[in-house]
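Following: one structure in structure tokens, then a few remarks.
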Ligand code: DOR
Ligand code: ZN
């Protein structure tokens, strides 16, 4: 096959930031994607419906002229989130989901949840209204090894929350383990999981062998090869539980290339070419549309895009190594392999 046409893909987990960074990187997502679930971990975080509406307007203002890209907003769940504000923002079409960060789990997560009993009324409202909860699934206990934090979270936090809140719709964000794949697959219609582009390509060796590679460091951190293979199998299976959420997370290079580098891989620019290469390698190009364009809207109960993109195979395509922004240069994820699929339209 040398050409494939898909419904326009969506990105069900994206960091667009704010200010100069937003202005610099928003066009990278808007070029190929139709919609994206926008993460609320700004500083300070997006916690109210009014803040989400204002942030949505700033995003729309950063898009290229004529762009049809639609940001789907989320609220950052805190222990003081007001259920009536959530209900009003959802009913007004301002927000699509809420995001749960365990406090301290990742970039700008200090306002996240420590005591899950405190968010019980919000979770119950969400279950009643069918508002999805996007979950960063890692425990933060210092005695749990960083490579085990996702699997432990499923047992100790996620499964108890789901059992205690029947009907709560949950997206396991950026799963990185076989345990995540197995749990998502068994979870039924109210459970979905996003998988990033980079976790389909790298394992933990890529970060650590031959010198530390800060641009491959993200959270949850990439795991052993057996886990990457489980993610590949899940993404390319066509199973409706799994859909694309790039977690494209720009940081200016000095913040990554540092003695304490930030977590995040920036994949907005080249994601579709990488995915086509990955799905072709696994003999699953016919499943790419399910993963990138159909399973996500089905979970979120939104229509599939009426637009299409076409990927054409040919000589290797190159992408810029960095995107220059007013907030500094942002290194584009290097998949470490030639990419042969060019995106048209
Ligand atoms: O690698 C990551 N970067 N993981 C996250 O959970 C947050 C994100 C960011 O905001 O930079
Ligand atoms: Zn993220």
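Numbering (the UniProt record's numbering), first residue to last: 1 to 345. Glycine residues also receive a C-beta, built at the ideal position from the N, C-alpha and C atoms.
- request: Please report how far the alpha carbon of residue 165 lies from the alpha carbon of residue 314, in whole angstroms.
  value: 50 Å
- prompt: Would DSSP call residue 35 helix, strand or coil?
  reply: strand
query: What number of angstroms, rounded off, separates the C-alpha of residue 212 from the C-alpha of residue 195?
result: 24 Å
field: Exposure of residue 259, with buried meaning 16 or more beta-carbon neighbours within 10 Å
entry: Classification of residue 259: exposed, given that the 10 Å Cβ count is below 16.
message: If we require 4 or more residues per run, which alpha helix (DSSP H) segments fall completely within the region 156–199?
response: 159–164, 178–185
- prompt: Thinking just about the alpha-carbon of each residue, which of 1, 206, 7, 3 is nearest to the one in residue 306?
  reply: Of 1, 206, 7, 3, the residue nearest in Cα terms is 7.
- prompt: Where residue 2 and residue 342 are concerned, what is the direct C-alpha to C-alpha distance, given to the nearest angstrom?
  reply: Spanning the two alpha carbons is a distance of roughly 10 Å.
message: So, for residue 278: in the same chain, excluding its five sequence neighbours on each side, which residues have a beta-carbon less than 6 Å away from its beta-carbon?
response: 200
- prompt: In or out: residue 146 buried (at least 16 other Cβ within 10 Å) or exposed?
  reply: The residue in question, residue 146, is exposed, as its Cβ has fewer than 16 Cβ neighbours within 10 Å.
query: The beta strand (DSSP E) with residue 323 in it runs from where to where?
result: 322–325
- prompt: Under the three-state reduction of DSSP, which class applies to residue 266: helix, strand or coil?
  reply: coil
- prompt: Going by alpha carbons, who is nearest to residue 202 out of 4, 335, 10?
  reply: Distance check between residue 202 and each of 4, 335, 10 places 335 closest, using alpha-carbon atoms only.
message: Is it buried or exposed, residue 186, if we count other Cβ atoms within 10 angstroms and call 16 or more buried?
response: exposed
task: Tell me whether residue 215 counts as near the ligand ZN, meaning its Cβ is closer than 7 Å to at least one heavy atom of that ligand.
output: In this structure, the C-beta of residue 215 stays at least 7 Å away from each heavy atom of the ligand ZN.
- request: Inspect the beta-carbon positions of residue 100 and residue 133 and report whether they are closer than 8 Å.
  value: yes
- prompt: Using the C-alpha atoms, what's the distance from residue 11 back to residue 308?
  reply: 15 Å
task: Could you name the residues that DSSP lists as bridge partners for residue 113?
output: 102
- request: For residue 60, I'd like the list of residues in its chain whose CB is within less than 8 Å of its CB, leaving aside the five on either flank, ordered along the chain.
  value: 71
task: Using beta-carbon positions only, say whether residue 264 and residue 251 come within less than 8 Å of one another.
output: Yes, the pair counts as a contact, with Cβ atoms nearer than the cut-off.
message: Just to confirm before moving on: does the CB-CB distance between residue 222 and residue 206 stay below 8 Å?
response: yes
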